[in-house]
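See structure below.
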Amino acid sequence: MFLRRITVYAFSGLVLLVTLLSFYFFFKKPYRFNPPKIAEETKRMVVVKDAIYSTEKDGTVNFTVRAKLARKYLERDEIEMEGIEGTYLSGRRGKFHFKGEKGIIDTAKKRGTIYGFTASILDEYLIKIASVSFDLKDALATSEDRVYIEGERLMMQGIGIKGDLRNGRFTLLRSVSGLVRINDDGYSFQSNTFTYDRTKSMYTLSGKVKVLKSDTRIRCDTMHVYMDKDRPKRLEAIGSAEMFSNGTVAKSERAVYDFSQKRIFFLGNAYVKRDDLELKGEKIEYDLERGSFITASPKMKMFRSGF
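Here the sequence shown is numbered in our numbering, starting from 352 and rising by one per residue.
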């Protein structure tokens with residue numbers, strides 16, 4: 352009985368000792384139980400659902416982004432967003448709508464990047480890019496990713512883009528190729544760069560330009576396509592312009608295709624060869640409907656042998 356009491360007292364003392372040691376480490380060594388740093392950062396972040404961010408210029412809202420989920424870090428001027436929809440208003444140039452899978456905006460610098468970007472231009476063209484960076488102060492949008500443009504009359508792709516949002520102008524920077532429909536005809540094309548200038552209603556292909564339509568090929572250094580609303584008015588090929596069509600070869604410094612007159616004007620050191628007929632002059636006119644060439648003052652004229 353005596354031994355049993357000693358054992359109980361000894362066990363009770365051991366339990367009391369362990370309890371005292373536990374309290375000691377709890378109060379004297381609290382750092383062992385501090386939360387990790389990531390938890391501290393989380394406390395300094397605000398999460399908002401259905402968030403809206405907008406900017407103004409001259410009292411008018413010109414940029415609006417809506418996000419299904421937004422995270423605002425209290426120690427940084429950045430907002431992370433997911434499920435993005437937005438609009439950008441460019442003065443007289445109108446507005447366009449865009450979407451993105453996710454993105455980040457620096458509210459102080461008014462810069463950011465949107466990933467999984469798609470945009471509707473003039474309710475006619477759809478642009479798709481893996482990521483786009485934008486600067487709202489300078490109204491610029493840039494990317495080094497592959498760009499896809501789809502529309503009823505135009506399908507095109509290239510690598511890299513630079514957009515002047517204020518003036519309604521954008522440029523595909525390299526490796527451009529695509530297909531465009533003019534009236535009922537389809538033209539495939541290639542060039543180093545492609546620029547659309549909305550203020551001038553003009554498309555420009557630059558650098559090793561090639562245009563192909565069935566059995567007609569055009570090559571030049573630069574090509575301007577002037578539009579009248581949604582239809583081409585005039586096409587101008589500049590620099591070593593060449594046309595190959597149904598056995599006809601035409602070369603000049605510049606060539607102008609007037610869609611209303613259905614005529615092509617070859618200007619500057621113009622040369623045309625078809626079968627055994629050759630023409631040279633400063634200006635040669637080709638009537639598309641009649642299939643005939645006209646020159647006011649040819650330098651040389653050769654007729655089919657035997658005549």
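Think of the CB as a built atom: it goes at the ideal place given N, C-alpha and C, for glycine as much as any other residue.
Note that the structure is predicted; figures quoted are calculated from it, not measured.
> Taking DSSP as the reference, what is the three-state secondary structure of Gln-541?
Replying inline: strand
> When you compare only the Cα positions, how much space is there between Ser-539 and Gly-642?
Replying inline: 23 Å
>> For Asn-413, which residues in the same chain have their Cβ closer than 6 Å to its Cβ, ignoring the five residues on either side in sequence?
In response: Leu-440
>> So, under 8 Å CB-CB, Thr-487 and Lys-461 are touching, yes? Tell me the CB distance rounded to an integer number of Å.
In response: Just to set this straight, residue 487 is Leu in the shown sequence, not Thr. Contact flag correct, Cβ pair sits at about 4 Å.
> Per DSSP, what kind of secondary structure is Ser-441 in: helix, strand or coil?
Replying inline: coil
> Relative to the C-alpha of Asp-566, which residue among Ala-490, Val-531, Thr-599 is closest?
Replying inline: Thr-599
>> Since Ile-456 and Glu-429 should fall inside the 8 Å C-beta cutoff, what is the C-beta to C-beta distance between them, to a whole number of angstroms?
In response: 7 Å
> Is it right to say Met-396 is buried, meaning 16 or more other beta carbons lie within 10 angstroms of its own, or is it exposed?
Replying inline: exposed
>> Only counting the same chain, and skipping five residues up and downstream in sequence, which positions put a Cβ closer than 7 Å to that of Glu-392?
In response: Because the pLDDT at Glu-392 is just 47, under 50, the model does not fix this residue reliably, and the value given afterwards should be weighed accordingly. For Glu-392, where only same-chain residues beyond five positions count, there are no Cβ hits under 7 Å.
> For Phe-414, which beta-bridge partners are listed by DSSP?
Replying inline: Thr-406, Tyr-439
> Would Asp-609 pass as a contact of Arg-582 if the rule is Cβ separation under 8 Å?
Replying inline: no
> What beta strand (DSSP E) runs, 3 residues minimum, are completely inside the segment 481-545?
Replying inline: 491-502, 505-515, 520-533, 536-542
> DSSP state of Val-576, grouped into three classes?
Replying inline: strand
> For Asn-620, which residues of its own chain have a beta-carbon under 7 Å away from its beta-carbon, when the five flanking residues on both sides are left out?
Replying inline: Ser-603, Glu-604
> For Val-623, which residues of its own chain have a beta-carbon under 6 Å away from its beta-carbon, when the five flanking residues on both sides are left out?
Replying inline: Ala-601, Leu-630, Ile-635, Phe-644
>> Just to confirm my understanding: we take Lys-450, look at its own chain, exclude 5 residues before and 5 after, and list those with CB closer than 7 Å. What are they?
In response: Ile-435, Glu-436, Thr-469
> Are the CB atoms of Ser-596 and Thr-573 nearer to each other than 8 Å?
Replying inline: no
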